[in-house]
């Protein structure tokens, strides 16, 4: 298993070392520590951080939303692991139902963010129209 140092992780994810440390402080990331206290990041940590950065950049998630995003992902991962260990069909159906609810929470959070983005977008489209009207008005006069 490949181990990364914080500067490697920061470079791979397009972040500063300070941001990586801050994400750790607020619970978005939990790297292992060496005997000397150095952070040791795995490929899993790097991929997780890339997903976090993608959610932040693509969807404009706030830190609180990022924490919820990570929490939902962890919950889903635990449910996936749980279903593999269960043999009872009824229990598997229950876990699948829980997984569906977890995914629905994630989708709801994204839909709310998209709705806010679309509202802001429509306001800018309206503003652009007003600017075009003003350009025409002042060109005619």
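Numbering (this note's numbering), first residue to last: 1047 to 1187.
Every residue, glycine too, gets a C-beta built ideally from N, C-alpha and C.
Just so we're clear, the structure is a prediction, and the values are computed from it rather than from any experiment.
Quick check on the burial criterion: 16 or more other C-beta atoms within 10 angstroms. Buried or exposed for residue i?
i, result
"residue 1148", "buried"
"residue 1107", "buried"
"residue 1085", "buried"
"residue 1056", "buried"
"residue 1157", "exposed"
"residue 1054", "exposed"
"residue 1010", "Any question about residue 1010 goes unanswered here, given that the chain covers just 1047 to 1187."
"residue 1095", "buried"
"residue 1066", "buried"
"residue 1087", "buried"
"residue 1132", "exposed"
"residue 1163", "exposed"
"residue 1061", "buried"
"residue 1052", "buried"
I'd like the list of long-range same chain contacts for residue i, defined as Cβ closer than 8 Å, with 5 residues on each side in sequence excluded.
i, result
"residue 1181", "none"
"residue 1070", "1076, 1077 and 1085"
Does residue i come out as helix, strand or coil in the three-state DSSP assignment?
i, result
"residue 1088", "strand"
"residue 1049", "strand"
"residue 1093", "helix"
"residue 1133", "coil"
Looking only at C-alpha atoms, which of the options sits nearest to residue i?
i, options, result
"residue 1142", "1130, 1053 and 1153", "1130"
"residue 1125", "1135, 1146 and 1169", "1146"
"residue 1153", "1101, 1068 and 1069", "1101"
"residue 1059", "1103, 1083, 1079 and 1082", "1103"
"residue 1115", "1082, 1072, 1155 and 1136", "1155"
Could you pull out every residue in the same chain whose Cβ sits closer than 6 Å to the Cβ of residue i, ignoring the five residues on either side in sequence?
i, result
"residue 1121", "1148"
Anyone know if the C-beta pair for residue i and residue j falls short of 7 Å?
i, j, result
"residue 1109", "residue 1098", "no"
"residue 1048", "residue 1089", "yes"
"residue 1105", "residue 1159", "yes"
"residue 1165", "residue 1118", "no"
Leaving aside the five residues before and after residue i along the sequence, list all residues of the same chain whose C-beta is less than 7 Å from its C-beta, in chain order.
i, result
"residue 1050", "1087 and 1092"
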